[in-house]
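A short write-up of the structure that comes next.
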Amino acid sequence: ADIPAATQLFTPHWIVQYMVENSLGRLWLESHPESRLRECMPYYLENPNDNGEGEKPQVLTPQELTVIDPACGSGHILVYAFDLLFEIYKEQGYLERDIPALILTHNLYGLDIDERAAQLASFAVFMKARAKNSRILRKSLALNITVVRPTHSQTLPLATELIAEDWQPLIEAFKDADNLGSLITPPAFDSEKLKWQLNNLEASDSLFREYVPALRRLLLQAELLSKQYWVVVANPPYMGNKNLNQVLKDFASKNYPDSKSDAFSMFVERIMSIVVKGGTIGLMTPLTWMFLSSYENFRKNILNKNTITSLIQPEYNAFWNSAHVALCTVTLLNKLLPKYKGTFIDLNNFYGADLQPIKLLEAIKNPSCGYLYYAKGEDFAKIPGNPIIYKLSNQFRNAFQNNKPLSYVGSFKRGTSTSNNERFLRYWYEVEFLPNTDTPSHKWFPYNKGGDKRRWYGNLEYLINWENNGYELIKYKNSYPRNIQYNFLPSISYGSLTSSEPSFRFYKYHAHDQAGNFFPLNDIATLECLFIIMP
-3 ADIPAATQLF TPHWIVQYMV ENSLGRLWLE SHPESRLREC MPYYLENPND
47 NGEGEKPQVL TPQELTVIDP ACGSGHILVY AFDLLFEIYK EQGYLERDIP
97 ALILTHNLYG LDIDERAAQL ASFAVFMKAR AKNSRILRKS LALNITVVRP
147 THSQTLPLAT ELIAEDWQPL IEAFKDADNL GSLITPPAFD SEKLKWQLNN
197 LEASDSLFRE YVPALRRLLL QAELLSKQYW VVVANPPYMG NKNLNQVLKD
247 FASKNYPDSK SDAFSMFVER IMSIVVKGGT IGLMTPLTWM FLSSYENFRK
297 NILNKNTITS LIQPEYNAFW NSAHVALCTV TLLNKLLPKY KGTFIDLNNF
347 YGADLQPIKL LEAIKNPSCG YLYYAKGEDF AKIPGNPIIY KLSNQFRNAF
397 QNNKPLSYVG SFKRGTSTSN NERFLRYWYE VEFLPNTDTP SHKWFPYNKG
447 GDKRRWYGNL EYLINWENNG YELIKYKNSY PRNIQYNFLP SISYGSLTSS
497 EPSFRFYKYH AHDQAGNFFP LNDIATLECL FIIMP
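Residue numbers for the sequence shown follow this note's numbering, beginning at -3 and rising by one.
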């Protein structure tokens, strides 16, 4: 119920064009190099690099170009895919009046868990078809766009025409479809056998004939989620794990362990499973998967099975409705070509929704613009964690392979935090100048707190109260001191722990630093960590 307000973000038209042209359009051009389709695709990224790897792409006919949006919303992506498919059919010599029905029957597929969204998508696609052929509404056409409905309130009727063991696995699989939608992978089923049973029930005099439409819808959504498609284009829902309800969390943990951090990453993993080998994918997602450690396995799964053909990183205000979202849009080839040089465009320096498509078109016309880059899939594997960092030079990447990492020298932790800067920190000009010394007899010592960008050296502005080896700071309950090293010597015995265990005793410890200066341990209540049990 919360998904529409939380996740239904409008996809800017230029991003829709980019995704469809560089997935569906690319697939067709690689299959038909002689095609003039590129003249209809302003956002198509022509790759100048010699990327010929492996076998030649399969030659496809227009009717084989199956395109699905598994989270179709109001059908924005499907409508533009219709336009591109129309041009493909037309250049292959099909009659224009026949093309709309062919596209609706053979090419376009859509799914959504929001019934109104699925209705809007169906209406938009139908109106697009009618704009090409005003008589198409006279035909009896069944669209391949539907809502994914749950079956938790539906039981199989006791009709003799239906065989329970054939239907029950599907009913069980879709019981939580209102939460899971296209993430569901249906169990194996015999579609023709189930249709035959439904036809028999519909032709009978049984009182259970009223169940036929619902069961046909169940069968349709199972068929659409079981098919393999040549092209998948989607702007899947974004929702972090902490906001998922328990049904989806449990499902994610069981079925998507590498991508359970967010709904979008689960969708991406599901999408990769329904694409034909050699097919293409177009996605708009948050860019967090590109570098966060929580997506490391997810990233590796993408890079080990697919090739990134292109990626665009828009500026945060790329939406027309001023939504501030850190996102990327990417196209994938469902075939591993490690040496393929994908095209990467960084639009972060260009503020606002209106400027984004303009700068993208400039980069397409002028690849030497300064914000277009090329990178190979195998390049990302050179850096630990496989982050998608496309701006690095080969020299920088090779440094990770040819040199030992910093972790070989030592581990890196969070630095000292006072939790009360007004009390424990001063600017260097606020205190009396003292000679440079590291003896504990002075109060204020240099403290690097960070700050503005400095090349190589700088930001030495603060001093920290480290009197008596930081005694006051360490005593402060919310502080977080680091790298405190003391030598502890037992001194005063405090007697037996219990009368029944005379061999174990409490000891209070005095501490001194490496110079031999004793650390004052006066407040026993704050030094519980210095009490231990010793034999």
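Beta carbons: idealized from backbone N, C-alpha and C, even for Gly. Please read all numbers here as calculations on a predicted model, not as lab measurements.
Member of the options whose CA lies at the smallest distance from the CA of residue i
i, options, result
"Trp192", "Glu206, Pro183, Arg212 and Asp174", "Arg212"
"Phe82", "His72, Lys223 and Leu104", "Leu104"
"Leu220", "Pro232, Ser257 and Leu139", "Leu139"
"Leu61", "Phe260, Phe392 and Val228", "Val228"
"His438", "Leu459, Gly278 and Pro353", "Leu459"
"Ile270", "Leu154, Ile141, Pro182 and Asp162", "Pro182"
"Tyr90", "Gln59, Phe119, Ala120 and Ile109", "Gln59"
"Val16", "Gly373, Val326 and Arg131", "Val326"
"Ser31", "Val75, Leu80 and Gly71", "Leu80"
Limits of the alpha helix (DSSP H) - the one that residue i falls within
i, result
"Val121", "Glu111 to Lys128"
"Val144", "Here Val144 belongs to no alpha helix (DSSP H), and DSSP marks it neither H nor E."
"Ala349", "Where Ala349 is concerned, there is no enclosing alpha helix (DSSP H), given that its DSSP letter is neither H nor E."
"Gln397", "Asn390 to Asn398"
"Gln88", "Where Gln88 is concerned, there is no enclosing alpha helix (DSSP H), given that its DSSP letter is neither H nor E."
Endpoints, beta strand (DSSP E) assigned at residue i
i, result
"Leu176", "Per DSSP, Leu176 belongs to no beta strand (DSSP E); it is in the alpha helix (DSSP H), Ala173 to Leu176."
"Trp226", "Tyr225 to Ala230"
"Trp423", "Looking at the sequence itself, residue 423 is Tyr, so the reference to Trp does not match. Per DSSP, Tyr423 belongs to the beta strand (DSSP E) from Leu421 to Tyr423."
"Met280", "Val271 to Pro282"
"Gly338", "Lys337 to Asp342"
"Gly106", "Leu104 to Asp108"
"Leu328", "Leu323 to Leu329"
Sub-8 Å separation of residue i and residue j beta-carbons
i, j, result
"Thr7", "Ile73", "yes"
"Leu323", "Met280", "yes"
"Ser19", "Thr339", "no"
"Ala371", "Lys337", "yes"
"Tyr367", "Ile384", "no"
"Leu216", "Thr147", "no"
"Leu343", "Thr303", "no"
"Pro66", "Ser178", "yes"
"Ile308", "Tyr14", "yes"
"Ala97", "Leu56", "no"
"Asn237", "Asp258", "yes"
"Asp162", "Lys128", "no"
"Lys355", "Tyr369", "no"
"Glu87", "Leu23", "no"
"Ile132", "Ser118", "no"
Residue i versus residue j: straight-line alpha-carbon distance, rounded
i, j, result
"Cys365", "Arg478", "46 Å"
"Arg413", "Tyr443", "Inspection of the sequence shows that residue 413 is occupied by Ser rather than by Arg. Near 11 Å, if we compare the C-alpha coordinates of Tyr443 and Ser413."
"Ser475", "Tyr453", "27 Å"
"Asn300", "Val264", "14 Å"
"Trp226", "Gly21", "12 Å"
"Gly406", "Lys400", "11 Å"
"Gln115", "Met262", "25 Å"
"Asp375", "Gln391", "11 Å"
"Arg126", "Asn175", "33 Å"
"Leu166", "Cys68", "23 Å"
"Cys36", "Leu158", "50 Å"
"Thr284", "Asn293", "13 Å"
"Asn382", "Leu288", "10 Å"
"Asn417", "Tyr312", "33 Å"
"Leu357", "Pro363", "10 Å"
"Ile298", "Leu332", "10 Å"
"Pro153", "Phe204", "7 Å"
"Tyr404", "Pro380", "13 Å"
"Asn231", "Arg419", "49 Å"
"Leu25", "Pro38", "14 Å"
"Gly491", "Lys473", "Per-residue confidence for Gly491 stands at a pLDDT of 42, beneath the threshold of 50, marking its modelled position as unreliable; the derived number appears in the next sentence. Their Cα atoms are separated by approximately 28 Å."
"Pro353", "Arg393", "31 Å"
"Ala120", "Ala349", "24 Å"
Burial state of residue i, where buried means 16 or more other Cβ atoms lie within 10 Å
i, result
"Trp440", "buried"
"Thr494", "Below a pLDDT of 50, predicted positions are generally treated as unreliable, and Thr494, at 40, falls in that range; no measurement from the model is reported."
"Arg134", "exposed"
"Pro233", "buried"
"Trp462", "buried"
"Ala173", "buried"
"Lys256", "buried"
"Met123", "exposed"
"Ser200", "exposed"
"Phe78", "buried"
"Val143", "buried"
"Tyr347", "exposed"
"Asn465", "buried"
Near the ligand GDP: residue i beta-carbon under 7 Å from a heavy atom
i, result
"Met262", "For the ligand GDP, the structure offers nothing, since it holds no ligand at all."
Chain C within 8 Å of residue i, Cβ atoms only
i, result
"Arg212", "The structure shown contains no chain C; it holds only a single protein chain."
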